[in-house]
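What follows is one structure encoded as C-alpha cells, with my remarks underneath.
As C-alpha cells, then:
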C-alpha cells in the first residue's frame, strides 16, 4: 500500500528551467571566491566534484564528504580557505536567486492534498546542494513546513540517478520502496526509482528526457493534473 509521496524539487514542486538556474547560480557564486579561485577554474572544478559525487557508490561516505574531498584535491586549496566563502554565499546571495524561478501556488496545494489523503511526504531532491540551499528552495516553493524529511548532501550517501539513492530515501522514511511513489520531472533521474520498486509519476510541465536510459512512468501529468489525481485517488493514488 502506498504510504509515502516523494517529491522532486527543481522543475517539479519548484517550477524552473534547471539548466538556466544552475548557470545563474554559478555566475553569482564566482565573485564570492574569485580572490581565491578565478571563475574559469571554479566552474570546471565544481562540475568535476559534482560528477564524482553523483558516481559515488561508497555508502560509508556522505555526498558532502565526496564533493569536498574531490574539490579540495583538484583545486589544491585547504577547506578553511574556501568553505567559509561558500557558506557566506549561501547565507547572503543564494536567497536572491528566487527571481530566476517561477513558484506556483499549486505546489503547496499538491503537498497539502497528499497530507490530506493520509500520505507522508518527503522531498527527494537530488542531494548535490548543502542543506541551506535546499531548504531555501523549499521556502520558495512554500512547502518547507509541510515536509517530514528532505535529502541533503550533508546526510545522504547517494545521488540521482543511482538506485541506491531511492533505497536510502525509503530507508530514511522507514518504509519499503514499494510503499513509495516518486514524483518528478526528470525521466532518467526520477523515473529510475521504478527499478527499486517505487511507483513513478512524471510531472510534464518542465519535463527533462535525455532519451537514454528509457523509463516508462506508471503515470504522468502536469502539476495541475497531479493535484487532481491525488485528490481524487486516480491511478497510483487509488486506495
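Numbering (the UniProt record's numbering), first residue to last: 1 to 239. Think of the CB as a built atom: it goes at the ideal place given N, C-alpha and C, for glycine as much as any other residue. If you're wondering where the values come from, they're calculated on a predicted model, not measured in any experiment.
Backbone CA spacing between residue i and residue j [nearest angstrom]
i: residue 176; j: residue 213; result: 24 Å
i: residue 79; j: residue 54; result: 21 Å
i: residue 40; j: residue 127; result: 25 Å
i: residue 148; j: residue 23; result: 30 Å
i: residue 129; j: residue 235; result: 33 Å
i: residue 20; j: residue 27; result: 11 Å
i: residue 59; j: residue 191; result: 22 Å
i: residue 72; j: residue 139; result: 30 Å
i: residue 136; j: residue 121; result: 18 Å
i: residue 215; j: residue 125; result: 19 Å
i: residue 67; j: residue 30; result: 18 Å
Outcome for residue i when other beta-carbon atoms lying within 10 angstroms are tallied against a minimum of 16
i: residue 84; result: exposed
i: residue 47; result: exposed
i: residue 118; result: exposed
i: residue 168; result: buried
i: residue 105; result: exposed
i: residue 211; result: exposed
i: residue 241; result: Only positions 1 to 239 of the chain appear in this structure, which leaves residue 241 out of reach.
Own chain residues within Cβ distance below 8 Å of residue i, not counting five before or after
i: residue 16; result: 10, 100, 101, 102 and 206
i: residue 203; result: 8, 11, 12, 183, 184, 185, 220, 221, 222, 223 and 226
i: residue 91; result: 132
i: residue 170; result: 4, 176, 177, 179, 180, 196 and 198
Inter-residue CB distance, residue i and residue j (contact presumed, cutoff 8 Å)
i: residue 108; j: residue 144; result: The Cβ separation is near 10 Å, so there is no contact.
i: residue 62; j: residue 155; result: 6 Å
i: residue 52; j: residue 65; result: Going by Cβ atoms, the distance from residue 52 to residue 65 rounds to 11 Å, so no, they are not a contact pair.
i: residue 97; j: residue 25; result: 6 Å
Neighbourhood of residue i by C-beta distance below 7 Å, restricted to the same chain and skipping five residues each side
i: residue 75; result: 37 and 45
i: residue 179; result: 1, 2, 3 and 4
i: residue 239; result: 233
6 Å CB neighbourhood of residue i in its chain, flanking five on each side removed
i: residue 32; result: 85 and 89
i: residue 218; result: 199, 200 and 236
Cβ pair count under 8 Å reaching 3, the region 185-195 against the region 143-162: yes
Taking contact to mean at least 3 C-beta pairs separated by less than 8 Å, is the region 227-237 in contact with the region 113-129? yes
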